[in-house]
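When we follow this note's numbering, the leftmost residue of the sequence shown carries the number 2, and every step to the right adds one.
We put the CB at the ideal spot given by N, CA and C, even for glycine.
Predicted model, so just to flag it, every value in this text is computed and none were measured.
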Amino acid sequence: MRRRAHARFVLWALRGRPPEAAPILLDQRRVYVLPTRGGLAFAFTLAVIMLGAMNYNLSLGYALVFLLAGLGVVTILHSFRNLVQLSLRPGHCEPVFAGTPAAFTLILENARPEKRSGLRLFVTDGIAAPVELDVPAGGFASASLQQPTQRRGWLACPRITIETTWPLGLIRAWSYAAPEARCLVYPAPAAKAPPLPWQDDFSRDNRREGRGSDDFSGLRNHQAADPLRHVAWKAAARQEHGPLLTKLFAGSSAQQLLIDWEATTGLDDAEQRLSILTRWMLDAEAGGVPWALHLPGLRLATDHGSVHLAKGLAALALFGYGTP
């Protein structure tokens, strides 16, 4: 019942707002104030003291009650001011693989000349511990909030709660925000995948041009992405305890491969096929091997490097979802 009431209140508080364009200003209408458990205990204590002072006609008791009550009112104002007129905007969210938490960066800006102390940020519907921070006067502060990922594609930034109980912990002031931000989630790489789909077409083209696998140029340490036919087995036999070596060839295309959607036609599950393609990409990049990607409706030319890998992973993440 309590959780359902809280969910309804959050929807009411964010009515007509999500997702919100940056910057998000926490004005007076967005900040809510209620006593904490300590604040309720404080109010109950004041009521007991007041009853005692009235019963025994103690002037000192009246003075103590009025003094502490005034302190409580001032605490309400300070807690409210500690949060109001604070602005928030989302930062960059690095892409992650499905199953790895996405880290949404939030930047808080304080335009006032007073420091904002004891702020806490957390995902409204999450279970992770709040991130505590202070925002300096006229400055910025950032916080990173983790959000679990389960599937590939775009992950929207969740609803955020910003709260404070500064200065005495008697009053809780809080607000909600739904930043307009998203994080790209790549398919989870398969734990086990078939061997890399080396294409015979490359070898035939190389032999036709006179620069194929017959143009031996040296050896290097074996990488996971190297084809088994290029392993220097004789050199490995001579070095019983040495590293496994791979033959290098003069042809620049000798190490190319094609990561093709059709190479996984034996599988019915599209997500499993994408996971295998992801694993092939990562293995190829780990071995420094240029690769091309063929998907229905999309092709990436042969290349390698971090930019090429990011393009390929993004294509897999958004496959079947239309344009990003």
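Residue from the options whose Cα sits closest to the Cα of residue i
{"i": "R113", "options": "G92, F98, V85, V97", "result": "V85"}
{"i": "A191", "options": "A48, G100, A302", "result": "G100"}
{"i": "S118", "options": "L317, S176, A138, Q29", "result": "A138"}
{"i": "V290", "options": "P102, L310, L65", "result": "L310"}
{"i": "G170", "options": "G39, R9, I25", "result": "G39"}
{"i": "D28", "options": "G62, S60, S88", "result": "S88"}
{"i": "R280", "options": "A194, A271, S60", "result": "A194"}
Neighbour-count burial assignment, residue i, 16 or more Cβ in a 10 Å radius
{"i": "D284", "result": "buried"}
{"i": "I128", "result": "exposed"}
{"i": "V308", "result": "exposed"}
{"i": "R80", "result": "Here residue 80 turns out to be Ser, not Arg, going by the sequence shown. S80 comes out buried."}
{"i": "G298", "result": "exposed"}
{"i": "G321", "result": "exposed"}
{"i": "Y177", "result": "buried"}
{"i": "G53", "result": "exposed"}
{"i": "V74", "result": "exposed"}
{"i": "G288", "result": "buried"}
{"i": "M55", "result": "exposed"}
Contact check, residue i vs residue j, beta carbons under 8 Å
{"i": "L258", "j": "L197", "result": "yes"}
{"i": "E181", "j": "A23", "result": "yes"}
{"i": "P110", "j": "F141", "result": "Note that residue 110 is Glu in the sequence shown, not Pro. In this structure, F141 lies closer than 8 Å to E110 by Cβ."}
{"i": "Q147", "j": "A104", "result": "yes"}
{"i": "V124", "j": "I161", "result": "yes"}
{"i": "P102", "j": "P149", "result": "yes"}
{"i": "T37", "j": "R173", "result": "yes"}
{"i": "D261", "j": "H305", "result": "no"}
{"i": "F43", "j": "Y187", "result": "no"}
8 Å contact criterion, which residue i and residue j should meet: CB distance rounded
{"i": "A318", "j": "L185", "result": "6 Å"}
{"i": "E133", "j": "R152", "result": "Not confirmed; about 31 Å, so no contact."}
{"i": "H265", "j": "I277", "result": "Reading the sequence as shown, one finds Thr at residue 265 and not His. 5 Å between Cβ atoms; contact."}
{"i": "P20", "j": "A157", "result": "7 Å"}
Within the stretch 245-312, ranges of the beta strand (DSSP E) (whole runs, at least 3 residues) = As far as the stretch 245-312 is concerned, its whole beta strand (DSSP E) runs of at least 3 residues are 246-250, 258-261, 292-296, 299-304.
At which residue ranges does the stretch 112-144 contain complete beta strand (DSSP E) runs of 3 or more residues, listed in the order of the chain?
-> Complete beta strand (DSSP E) runs here, min 3: 117-124, 132-136.
Going along the chain, which unbroken runs of the beta strand (DSSP E) with 3 or more residues stay wholly within the stretch 83-116?
-> For the stretch 83-116, whole beta strand (DSSP E) runs of length 3 or above, ordered along the chain, are 87-91, 103-110.
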